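Residue numbers (this note's numbering): 250 to 364. A short worksheet on the structure shown next.
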């Protein structure tokens, strides 16, 4: 079983930055992709960014150029650097990790962006 814990959320003014962290632990053999999703109030959970175990990253159109995903493979951690934040970036940010074909989710961390 793999446990996933996010941290780093908070309140920030529009135009500011936050860095989210996600740590995977437990009986890990090999993690494949690591993802970030977010869910705004009353909306579905949406994809934000992904990084593969080959360090290939891709982003949703809404965050491309502002957010940067990175990972520390030996530590089983993934990060999301969020710059130029906008009020519409507000939501609960969830980390998910893939081990083979099993996806594990964290509990989420709240990000609030004030205008």
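Think of the CB as a built atom: it goes at the ideal place given N, C-alpha and C, for glycine as much as any other residue. Predicted model only: the values in this text are computed from it and were never measured.
Residue burial annotation: residue 278 is exposed, with fewer than 16 other C-beta atoms found within 10 angstroms of its C-beta. The straight-line gap separating the alpha-carbon atoms of residue 358 and residue 255 is approximately 6 Å. In this model, residue 294 and residue 274 are separated by some 23 Å (Cα to Cα).
In the three-state reduction of the DSSP assignment, residue 350 falls in the coil class, being assigned neither a helical nor a strand state. In the structure shown, the three-state DSSP call for residue 255 is strand.
Note on residue 263: under 16 other CB atoms within 10 angstroms of its CB, so exposed under the neighbour-count rule. For the pair residue 291 and residue 342, the CB atoms are not nearer than the 8 Å cut-off. In the DSSP annotation of this structure, residue 301 is not part of any beta strand (DSSP E), being labelled neither H nor E. Here residue 268 is exposed. Its C-beta has fewer than 16 other C-beta atoms within 10 Å. By the C-beta density criterion, residue 345 is buried, having at least 16 other C-beta atoms within 10 angstroms.
Setting aside the 5 residues that flank it on each side, residue 252 is surrounded in the same chain by 274, 275, each with a C-beta closer than 6 Å to its C-beta; the list follows chain order.
Relative to residue 327, the option among 288, 360, 361, 301 whose CA is nearest is 301.
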